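Here's the structure we're looking at; comments come further down.
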Amino acid sequence: MKILVADDDPTIRSELSELLREDGHEVDTAADGREAIQRIETQAYDAALLDLVMPRSTGLDVLRRAAVVSPRTAVIMITGQGTIDTAVEAMKAGAVDFIEKPPEIEAIQRSLRALSEERRAWELLAPAAAPEAVKGVLEDAARRKALLAFVGPGAAPPKGAGRVLRLDEDPRPPDTFAPNQLYQINAAVEAHLAGVANPVVFAAGLTPLETLHGPDDVRSWIRQIAQRCEAREGTLVLGPREASLAPDAGPAGLSVDEGLQGMLESLANPTRRAIVSYVFASGPSAYSAILRQNFVDSSSKLSFHLQKLQADRLLTKGSGGAYVLTEDGRRAWRVVRALRDERRRPAVLLAPP
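According to the working numbering, the sequence shown is numbered sequentially starting from 430.
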């Protein structure tokens, strides 16, 4: 991940950035709020760790600006003022987590792991055909050097493909194959699938295969490639002109309207999923009972997530102040479980035109 660390304490700033770099992250730093805003306005970050109280602009000021100019940057607030009011204010402004000072690297690592899990859940819960979802899958695979492209005439491989296999009447080993060389093509694809974690294969421009083998045989071949990808927890991305060749992929019978989609997005957060799962299984649950489950490491953070779940109409307070799932909350949780049980991500995606 590319991370911004903004804190006016030079010791905290230096120690956090060094430890995060040791974990393999790319890190920039800012000594105050204004510098943090300048960096967010000019660079793209996966996450930002922001001290709440900084000179020239507060962490909340930076958070609000990030929501405008860089909405995909996940913001984690770091503060010595660990009150419920502060947590709720950060939540309303869009923070994804809340860590009290002095910040422990283990807590930050947990938060970053949760962020990675949340982004995977977003891929699961977002509409499979959304252009941004497909773009994100390809960009992530390119960063991990896990992207293989197989393209025919008139099709271009996505940017960052680690290897490009081409389809041409004039075969030129090892990367250019004729339409009648499916065995060799399969071997090259299989080598890629076996060589990386969560592999992604992009295939487009397959008209020469259709002409020689017929659409039914090519559709069957694509289904086999998709199954191999799924077995490796990977994804096959087909070009927009290959829509007619795509096997039926994705959970069936799940209609997600716009209102429910917003609730599902709230449940992309692993802490909120854990809370909803507990209340779903346990029934009406007191605040103290939820706190004892250790889903979070502070009462302020628990209040952060409970307020969010109430704002998103997933939880409400029943008699005696116990938290209960709303009808919408139960519906959303059933969809999440069905999606999770079906597969983590569709094995086949269609690239946008």
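For every residue, glycine included, the Cβ atom is placed at its ideal position computed from N, Cα and C. For clarity, every value in this text was computed on a predicted model and none was experimentally measured.
- The distance from the Cβ of residue 577 to that of residue 595 is about 12 Å, inconsistent with a contact at the 8 Å cut-off.
- One alpha carbon belongs to residue 607, the other to residue 597, and they sit about 5 Å apart.
- Residue 700 carries a helical assignment under DSSP once its states are collapsed to helix, strand and coil.
- Per DSSP, residue 496 is not a residue of any beta strand (DSSP E); the alpha helix (DSSP H) it occupies stretches across 488–498.
- Between residue 698 and the set 503, 602, 756, 666, the nearest pair of CA atoms involves 503.
- Listed in chain order, the non-local C-beta contacts of residue 647 below 7 Å within the same chain comprise 635, 638, 639, 674, local neighbours out to five positions each way being set aside.
- It is roughly 16 Å from the alpha-carbon of residue 711 to the alpha-carbon of residue 735.
- Annotation for residue 536: 528, 726 place their beta carbon closer than 7 Å to its own, counting only its chain and skipping 5 residues before and after.
- DSSP places residue 533 in the coil class of the three-state scheme, outside both helix and strand.
- Of all C-beta pairs linking the stretch 753–762 to the stretch 703–720, three or more are shorter than 8 Å, placing the two stretches in contact.
- Between residue 448 and residue 507, the C-beta spacing is not below 8 Å.
- In this structure the stretch 715–733 does not lie against the stretch 656–665, because fewer than three pairs of beta carbons, one per stretch, are closer than 8 Å.
- Non-local C-beta neighbours of residue 617 in its own chain, meaning closer than 7 Å and more than five positions away in sequence, comprise 594, ordered along the chain.
- In the three-state reduction of the DSSP assignment, residue 744 falls in the strand class, which pools E and B.
- In this structure, the CA atom of residue 612 is about 17 Å from the CA atom of residue 645.
- The shortest C-alpha to C-alpha distance from residue 488 to any of 545, 614, 463 is the one to 463.
- The three-state secondary structure of residue 724, taken from DSSP, is coil.
- Under the DSSP assignment, residue 619 falls in the alpha helix (DSSP H) whose first and last residues are 611–624.
- Taking 8 Å as the cut-off, the Cβ atoms of residue 543 and residue 491 do not count as close.
- Going by DSSP, residue 655 is part of the alpha helix (DSSP H) stretching over 644–660.
- By the Cβ neighbour-count rule, residue 649 is exposed, with fewer than 16 other Cβ atoms within 10 Å of its own.
- With respect to the 8 Å criterion, residue 432 and residue 474 are classified as neighbours on the basis of their beta carbons.
- Counted as a single uninterrupted DSSP element, the beta strand (DSSP E) harbouring residue 595 occupies residues 592–596.
- DSSP lists 476 as the bridge partner or partners of residue 503.
- Cβ-Cβ separation between residue 629 and residue 663: approximately 6 Å, consistent with a contact (criterion under 8 Å).
- Taking C-beta atoms as the reference points, residue 609 and residue 567 fail to come closer than 8 Å.
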